[in-house]
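J.: Following UniProt numbering, the numbering of the sequence shown begins with 1 at its first residue and continues without gaps.
Structure provided below as structure tokens; questions to follow.
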Amino acid sequence: MSDGRPIFGLSARDLAALILDTSPQALIVPAHAWTPHFSLYGSESGFDSLSECFGDMAKNIYAIETGLSSDPAMNWRIGELDNRSIISCSDAHSGAKLGREATVFEVEEIKKLRYEDIKEAIIERKIAYTIEFYPEEGKYHFTGHRNCGIRQSPEETSRLGEICPVCGKHLTVGVMHRVEQLAARELKTQNSKLKTDDFGVRWIGYEERPPYVMSVPLLEILAESLETTVGSQKAISEYKNLTANFGGEFGVLLNAETSEIAKTSGSRVAEGIKKVRGGDIVVEPGYDGVFGTVKIWPEGKDVAKEEEEKEQLALF
């Protein structure tokens with residue numbers, strides 16, 4: 001075992017063969033495919049291709065899972081993923097972490113959804129869209145060394161190298177730099193598809209690929225909006241209030257009218273959700289196990305808070 005993960009004394013190819021020999025209906029999807037440790041393409045212990053990892057069993061790998069530190073656009077640059085599904089799932093460290101990312105499948109009847117339907121949707125690439133964590137917020141997005149506080153973009157790493165300038169140790173190469181190393185192409189901007197729907201949600205697509213939306217967990221939005229922490233009773237109480245009124249967390253984040261959110265939770269919370277929907281936020285990229293940080297209101301630009309304070313002063 002390593003950090004709760006079982007370690008097998010056989011290759012990925014032999015493990016895949018064993019699984020499919022045992023159950024031909026099984027579906028093998030490499031999870032968090034880009035994180036440096038314990039992943040398919042990882043910079044520390046991964047491979048450069050599916051065939052290098054799985055050998056002759058690579059033909060049975062129909063999808064990869066993006067992980068928190070990459071998004072579909074980063075994976076669209078990898079040639080061998082052109083004919084495979086790109087899905088996004090959540091880790092299960094705690095209940096609050098579930099649903100940070102999700103995959104929406106094209107199925108005929110949700111009430112009769114079976115395992116076989118999910119498998120078919122993945123193999124046939126019947127993905128409607130995915131809901132994504134901002135990859136910069138993932139803890140391995142950029143290259144760096146947390147003990148020395150060193151963080152580097154791919155451009156900086158290409159110029160400065162992979163050795164920590166403070167202690168001389170090898171940096172943990174981040175997901176973004178690893179994608180640059182393996183990418184078969186740059187994405188042509190003329191082929192990209194960006195649109196904003198009636199709720200102000202920004203959708204990102206490319207050629208015939210399923211689109212995706214970027215979001216921030218509701219508790220994080222509430223914590224900044226209410227100037228508290230994600231574990232505070234204030235944030236949790238407001239979370240329960242919103243999700244009860246608007247059909248769950250995704251209902252609040254993607255489908256609720258911001259005017260109705262304002263009536264329920266105030267203009268500052270509504271403005272925070274609006275800014276996240278439109279991508280009007282600042283994210284400091286994570287590196288070497290340190291999560292990135294989201295700022296909805298950069299210093300000096302908290303218009304919603306100023307308006308709310310004016311409203312409160314007007315009462316006196």
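For glycine and all other residues, C-beta sits at the position ideal for the given N, C-alpha and C.
Keeping to the same chain, check which residues put their C-beta closer than 8 Å to that of Gly251; ignore five residues upstream and five downstream.
T.: For Gly251, where only same-chain residues beyond five positions count, the Cβ hits under 8 Å are Thr243.
J.: Please work out which residues of its chain come closer than 6 Å, Cβ to Cβ, to Glu124, disregarding the five sequence neighbours upstream and downstream, and give them in chain order.
T.: Contacts found: none.
J.: Return the first residue and the last residue of the beta strand (DSSP E) that Ile87 is part of.
T.: Start and end: 85-87.
J.: In the DSSP output, what is residue 320 paired with across the bridge?
T.: Coverage of the chain is limited to positions 1 through 316, which leaves residue 320 absent and any answer about it impossible.
J.: Checking the sheet assignment: what are the DSSP bridge partners for Phe142?
T.: Looking at the DSSP assignment, Phe142 forms a beta bridge with Tyr287.
J.: Taking all protein chains shown into account, do 16 or more other C-beta atoms lie within 10 angstroms of the C-beta of Ser85, making it buried, or fewer, making it exposed?
T.: Buried.
J.: Within 10 Å of its beta-carbon, does Glu109 have 16 or more other beta-carbons around it, so buried, or fewer, so exposed?
T.: Glu109 is exposed by the Cβ-count criterion.
J.: I'd like the span of the alpha helix (DSSP H) that includes Leu103, first residue to last.
T.: It is worth fixing the name first, because residue 103 is Thr in this sequence and not Leu. First-last for Thr103: 102-105, but that is the beta strand (DSSP E), not the alpha helix (DSSP H).
J.: Taking the alpha-carbon positions, what's the Pro165 to Glu155 distance?
T.: Their backbone Cα atoms lie some 16 Å apart in a straight line.
J.: Quick check: the Cα distance between Glu238 and Glu249, rounded to an integer number of angstroms?
T.: About 12 Å.
J.: According to the Cβ coordinates, are Gly292 and Gly138 closer than 9 Å?
T.: Yes. Within cutoff.
J.: When the Cα of Ile273 is compared with those of Glu257, Val290, Glu284, Tyr287, which residue comes out closest?
T.: Checked all of Glu257, Val290, Glu284, Tyr287; the closest Cα to Ile273 is Glu257.
J.: CB Tyr287 to CB Ala73, shorter than 9 Å?
T.: No, these two residues do not count as a Cβ contact at 9 Å.
J.: Does Arg159 pass the burial test, meaning 16 or more other C-beta atoms within 10 Å, or should it be called exposed?
T.: Counting Cβ neighbours within 10 Å, Arg159 comes out exposed, since fewer than 16 surround it.
J.: Check Phe199 in the structure and name its three-state DSSP category.
T.: Note: Phe199 maps to coil in three-state DSSP.
J.: If I measure Cβ to Cβ from Leu15 and keep anything under 7 Å in the same chain, skipping five residues before and after, which residues do I get?
T.: Cβ within range, chain order: Phe8.
J.: Please report the residue range of the alpha helix (DSSP H) in which Val179 lies.
T.: Here the alpha helix (DSSP H) through Val179 covers 175-182.
J.: Pull up the distance between the alpha-carbon of Lys193 and that of Gly278, whole angstroms please.
T.: Answer to the nearest angstrom: the Cα atoms are 15 Å apart.
J.: With a threshold of 16 other CB atoms inside 10 Å of the CB of Tyr115, please say whether the residue is buried or exposed.
T.: Answer is exposed; the Cβ neighbour count stays below 16.
J.: I think Val175 touches Ser70, with their Cβ atoms under 8 Å apart; what is that distance to the nearest whole Å?
T.: 5 Å between Cβ atoms; contact.
J.: Quick one: Cα of Arg202 to Cα of Glu101, how far?
T.: Their backbone Cα atoms lie some 16 Å apart in a straight line.
J.: If contacts are defined as beta-carbon pairs under 8 Å, then Asn60 and Leu10 qualify, I think. What distance do you get, rounded to the angstrom?
T.: Actually they are not in contact, since the Cβ atoms of Asn60 and Leu10 sit about 16 Å apart, beyond 8 Å.
J.: Who are the Cβ neighbours of Pro135 in its own chain at under 6 Å, not counting the five residues just before and after it?
T.: Answer for Pro135: Ser69, Ser70, Asp71, His141, listed in chain order.
J.: Tell me which same chain residues have a C-beta within less than 6 Å of the C-beta of Gly79, skipping the five on either side of it?
T.: Cβ neighbours of Gly79 beyond the five flanking positions: Ala184.
J.: Per DSSP, what are the beta-bridge partners of Arg151 in this structure?
T.: Note: Arg151 sits in a beta bridge opposite Gly144.
J.: For Ile296, which residues in the same chain have their Cβ closer than 6 Å to its Cβ, ignoring the five residues on either side in sequence?
T.: Excluding residues within five positions, the ones whose Cβ falls inside 6 Å are Glu224, Gly272, Lys275, Ile281.
J.: Tell me which residues share the same chain as Ile163 and place their Cβ nearer than 8 Å to its Cβ, disregarding the 5 neighbours each side in the sequence.
T.: Only Lys169, His170, Leu171 meet the Cβ criterion.
J.: Use the C-beta contact count for Glu186: other C-beta atoms within 10 angstroms, 16 or more gives buried, fewer gives exposed.
T.: So Glu186 ends up on the exposed side.
J.: Relative to the C-alpha of Ala26, which residue among Asp117, Glu106, Ser153, Phe133 is closest?
T.: Answer by Cα proximity: Asp117.
J.: Who are the Cβ neighbours of Phe133 in its own chain at under 6 Å, not counting the five residues just before and after it?
T.: Excluding sequence neighbours, Phe133 sits near Leu68, Arg100, Glu101.
J.: By Cβ distance, which residues of its chain are closer than 7 Å to Gly46, with the 5 residues on each side in sequence left out?
T.: Contacts found: Ser39, Leu40.
J.: I need the DSSP call for Gly300, collapsed to helix, strand or coil.
T.: Residue confidence is low: Gly300 scores 47 on pLDDT, short of 50, so the model does not pin down where it sits. No coordinate-derived value is stated.
J.: By the 10 Å Cβ neighbour count, where 16 or more other Cβ atoms means buried, how is Leu218 classified, buried or exposed?
T.: Buried, because 16 or more other Cβ atoms sit within 10 Å of the Cβ of Leu218.
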